[in-house]
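Each remark here refers to the structure printed beneath this line.
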Ligand code: SF4
Ligand code: SF4
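Numbering (our numbering), first residue to last: 89 to 537.
The structure is reproduced here in structure tokens:
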């Protein structure tokens, strides 16, 4: 096994933004030195926030549990450093909202050595125990959404997972953190893939990678050649956005459509990001819970782009200080990729489990071009990988006719931004759709029956 598909695979629709990965794709991951203050918000993903199990003034060790899961859709939090809990109070987070967080001051004299014990050998764990171990280790989807991984692994009775699909597409422009993990830690990628494949009972696994990452493909191919007994293949994918969206990836690799309202597991597929897979490998190798992640720092507004291994809770300011300060042309900082990321209002917000990138943009990229009326060119329809009608949805949202957007399947929109990118009239289509979705979540449509 371990074969690479020679033909690049793809899905219908989508767009081709310039990928801008040249700034960082060859930059090896560097560890950010430990700083002073770490902010760990209790809620880092959808679902219930974690519940603090430490109190103010308490000493904590690096990797120690500081908050337990607050429910099933919730994960544990661990201290990213050895130090002292100084406060448990609301702190500003990425979206500008104040959220309850545990603040830890690092011990300046600590070596910050991680003293963890690996959990029992993964082979011996039942799926049920494996799922609990993953939840207790705080592992989430590392591609951006930070959805708790153990929820994905809780397969309903009667559902059989045949295929594990590892998402190494990294289709967002500028980001190269997954790319560097695949280049530098191919063994961990393969090990984590095999652990998860066996635990989910999947017959095979496939790692999908966009073709603009030949070094990553080669590193994994070499690794697989040494372990031919493992039923893991690589699939080279067309460079197209949003190739890394779950349903697009499944379509590209297996040629299968996932019907609206269904999940990959409904057709026997489990999809996991490369970063998550490496976190699982690390957990069983060293016992390390999720306390750090790789972050790409890039964009025309930074003088020294980098791929950095950052303890969770580090402030964006501290990351940028280490990687070379922003240049004076910077006008906006985006957390995540430019297509799906969010601008941040303060450099003091912390790096969270889902923070894949810090991108700094100048006036050139952030200038908002004038918006014109819709010319019904249909480009947004051609761009939408979910076959929605973005122009119609945007118009309804603009006119606050939110209820009517449900008739156009507004909730199927993944907010990928391909429609906005393609619009010659510069209509902020995806933002308007997001507004409609937010509104519908707050005021669900009542069933007339
Ligand atoms: S309508 Fe939604 S899913 Fe379709 S292109 Fe726009 S943002 Fe993406
Ligand atoms: S791409 Fe823009 S201008 Fe063209 S149909 Fe869609 S909303 Fe209208």
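A virtual CB, placed ideally from N, CA and C, is assigned to each residue, including glycine. None of these values were measured; they are calculated from a predicted model.
Original post:
Considering only residues of the same chain and omitting the five flanking positions on each side of residue 168, which have a CB-CB separation below 6 Å?
Top reply: 126, 379, 399, 400, 401
Subject >> Cβ-Cβ separation, residue 358 to residue 252 (assumed contact under 8 Å), whole Å >> reply: 5 Å
Subject >> Integer Cβ distance of residue 150 from residue 186, believed to fall under 8 Å >> reply: Between residue 186 and residue 150 the Cβ distance is about 26 Å, and since that is not below 8 Å, they are no contact.
**OP:** Count the other C-beta atoms from every protein chain shown that fall within 10 angstroms of the C-beta of residue 116, then say buried if there are 16 or more, exposed otherwise.
**Re:** exposed
Subject >> Start-to-end residues for the beta strand (DSSP E) that takes in residue 263 >> reply: Per DSSP, residue 263 belongs to no beta strand (DSSP E) and is neither H nor E.
**OP:** Measure how close the beta-carbons of residue 147 and residue 172 come, nearest whole angstrom, since I'm counting them as under 8 Å.
**Re:** 6 Å
Original post:
Among the residues of its own chain, which have a CB less than 7 Å from the CB of residue 507, if the five just before and after it don't count?
Top reply: 468, 471, 472, 478, 517, 518
Original post:
CB of residue 513 to nearest heavy atom of ligand 2: below 7 Å?
Top reply: yes
**OP:** Compare the C-alpha of residue 124 against each of 437, 448, 403, 233 and name the closest.
**Re:** 403
**OP:** Give the single residue among 388, 426, 344 whose Cα lies nearest to the Cα of residue 99.
**Re:** 344
**OP:** Under 8 Å by Cβ, that's how I've got residue 287 and residue 250 pegged, so tell me the actual separation to the nearest angstrom.
**Re:** Between residue 250 and residue 287 the Cβ distance is about 14 Å, and since that is not below 8 Å, they are no contact.
**OP:** Can you tell me the Cβ-Cβ gap for residue 207 and residue 371, rounded? I've got them flagged as a contact below 8 Å.
**Re:** 7 Å
Subject >> For residue 477: DSSP bridge partner residues >> reply: The partner list for residue 477 (beta bridge, DSSP) is empty, contrary to what the question assumes.
**OP:** Can you give me the Cβ contacts of residue 112 inside the same chain, cut-off strictly under 6 Å, excluding the 5 residues immediately before and after it?
**Re:** 264, 384, 386, 393, 395
Original post:
Buried or exposed: where does residue 316 fall if 16 or more other Cβ atoms within 10 Å of its Cβ makes it buried?
Top reply: exposed
Subject >> Cβ-based burial, residue 212 [other Cβ within 10 Å; buried from 16] >> reply: exposed
Original post:
Looking at the structure shown, is residue 527 part of a helix, part of a strand, or coil, going by DSSP?
Top reply: helix
Original post:
Which residues in the same chain as residue 536 place their Cβ atom closer than 8 Å to its Cβ, once the five residues preceding and following it in sequence are excluded?
Top reply: For residue 536, the pLDDT reaches just 44, beneath the cut-off of 50, and the residue's location in the model is therefore unreliable, leaving the point undetermined.
Original post:
For ligand 2, is there a heavy atom less than 7 Å away from the beta-carbon of residue 237?
Top reply: no
Original post:
Around the Cβ of residue 417, are there at least 16 other Cβ atoms within 10 angstroms (buried) or fewer (exposed)?
Top reply: exposed
Subject >> Rounded straight-line distance, which links the Cα of residue 121 to that of residue 197 >> reply: 13 Å
Original post:
Can the beta-carbon of residue 350 be found closer than 8 Å to that of residue 324?
Top reply: no
Original post:
Can you give the Cα-Cα distance for residue 293 and residue 475, rounded to whole angstroms?
Top reply: 28 Å
Original post:
Closest by CA to residue 155, which one among 181, 180, 192?
Top reply: 192
**OP:** Go ahead and label residue 466 buried or exposed: buried means 16 or more other beta carbons lie within 10 angstroms of its beta carbon, across all protein chains shown.
**Re:** exposed
Original post:
In angstroms, rounded to a whole number, what distance separates the CA positions of residue 456 and residue 210?
Top reply: 51 Å
Original post:
What number of angstroms, rounded off, separates the C-alpha of residue 411 from the C-alpha of residue 533?
Top reply: 47 Å
Original post:
I think residue 255 touches residue 362, with their Cβ atoms under 8 Å apart; what is that distance to the nearest whole Å?
Top reply: 6 Å
Original post:
Under the three-state reduction of DSSP, which class applies to residue 205: helix, strand or coil?
Top reply: coil
**OP:** Could you work out which residue in 108, 194, 109, 504 is closest to residue 145 when comparing CA atoms only?
**Re:** 194
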